[in-house]
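Visitor: First residue of the sequence shown? That's 221 in my numbering, and the numbers climb one at a time after it. One structure, pasted below without further comment.
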Amino acid sequence: MWGNMYFYAMIRFLGNIEAKTDAKGRVFIPASFRKQLQAASEERLVLRKDVFQDCLVLYPESVWFDTQNELRQRLSKWDEKQQLIFRQFVSDANIMVPDGNGRILLPKRYLQMAGIQSDVRFIGMDNTIEIWAKERAEQPFMSSGDFGMALQEAMKELKVES
């Protein structure tokens with residue numbers, strides 16, 4: 221009856237959690253996020269700087285590979301510019317394996333790219349986790365008026381496409 225349907229744990233991170241990096245750049249992944257990763261049997265993460273914002277993005281390894289595969293399918297290996305885009309995307313990625321205490325080491329170059337000194341904010345973003353310099357994440361990303369208008373516009377566009 222179910223045919224070839226595959227069932228797997230969907231990861232959906234939610235939350236806005238403060239943390240601190242230590243002198244070496246290590247930071248504890250928030251417990252609520254670690255529990256979700258463990259429940260989904262995700263032992264490895266992939267870290268890269270966000271494409272648009274000055275923050276870092278942690279991908280569970282399976283989500284990273286899905287993202288990489290989607291990008292690979294959309295970009296031709298035989299188009300020079302598209303190959304450069306793909307190369308830039310994957311070359312800026314680093315595999316992270318949390319230690320026994322649930323910490324990861326954020327390399328110095330990533331800390332610099334995101335402007336992180338010590339205090340960070342983890343933000344659950346659907347199937348990824350963003351890591352922001354705390355002072356950058358304390359400001360609203362959009363004014364409430366702009367947010368309302370943008371959301372209204374986005375939802376209208378979705379309705380038309382359905």
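Even glycine gets a Cβ: it sits at the ideal position worked out from N, Cα and C. Because the structure is a prediction, the values reported are computed rather than measured.
Is the separation between the beta-carbon of I351 and that of V340 shorter than 8 Å?
Guide: Contact flag set, yes.
Visitor: Look at M345 and F233 and say whether their C-beta atoms are less than 8 Å apart.
Guide: Contact flag set, yes.
Visitor: If you draw a straight line from the alpha carbon of K376 to that of A243, how long is it in whole angstroms?
Guide: Their Cα atoms are separated by approximately 47 Å.
Visitor: Would I249 pass as a contact of P318 if the rule is Cβ separation under 8 Å?
Guide: Yes, these two residues count as a Cβ contact at 8 Å.
Visitor: In whole angstroms, what is the alpha-carbon distance linking L276 and K297?
Guide: Each residue's alpha carbon lies about 27 Å from the other.
Visitor: Within 10 angstroms of its Cβ, does E262 collect 16 or more other Cβ (buried), or is it exposed?
Guide: Classification for E262: buried.
Visitor: Provide the residue(s) that pair with N236 in DSSP beta bridges, ordered along the chain.
Guide: DSSP lists I343 as partners of N236.
Visitor: Can you list, in chain order, the residues of its chain with a C-beta nearer than 6 Å to that of D270? Leave out the 5 residues immediately preceding and following it.
Guide: So the qualifying residues of the chain are V277.
Visitor: Please tell me whether K240 and S338 are closer than 8 Å, where the distance is taken between their beta carbons.
Guide: Yes, these two residues count as a Cβ contact at 8 Å.
Visitor: Rounded to whole angstroms, what is the Cα-Cα separation between L371 and M362?
Guide: Spanning the two alpha carbons is a distance of roughly 11 Å.
Visitor: Residues in its own chain within less than 8 Å of Q288 by CB, not counting five upstream and five downstream?
Guide: Result list for Q288: F309 and V310, in chain order.
Visitor: Measuring alpha carbon to alpha carbon, tell me which residue in Q293, D299, V266 and F306 is nearest W284.
Guide: Ranking Q293, D299, V266 and F306 by Cα distance to W284 puts V266 first.
Visitor: Among the candidates I237, Q258, E238 and V247, whose CA atom is the shortest distance from the CA of M230?
Guide: Cα-wise, what sits closest to M230 is Q258.
Visitor: Quick one: residues in its chain with C-beta nearer than 6 Å to the C-beta of R246, no 5 flanking neighbours on either side, listed in chain order?
Guide: So the list reads R323 and L325, once near-sequence residues are dropped.
Visitor: Could you tell me whether the Cβ atoms of F342 and I336 are closer together than 8 Å?
Guide: No, these two residues do not count as a Cβ contact at 8 Å.
Visitor: For Q332, is the classification buried or exposed, using 16 other Cβ atoms within 10 angstroms of its Cβ as the cut-off for buried?
Guide: Burial call: exposed.
Visitor: Go through its chain and collect everything with a Cβ distance to E281's Cβ below 7 Å, but skip five positions before and after it.
Guide: Hits under 7 Å: E262, R264, L265 and V266.
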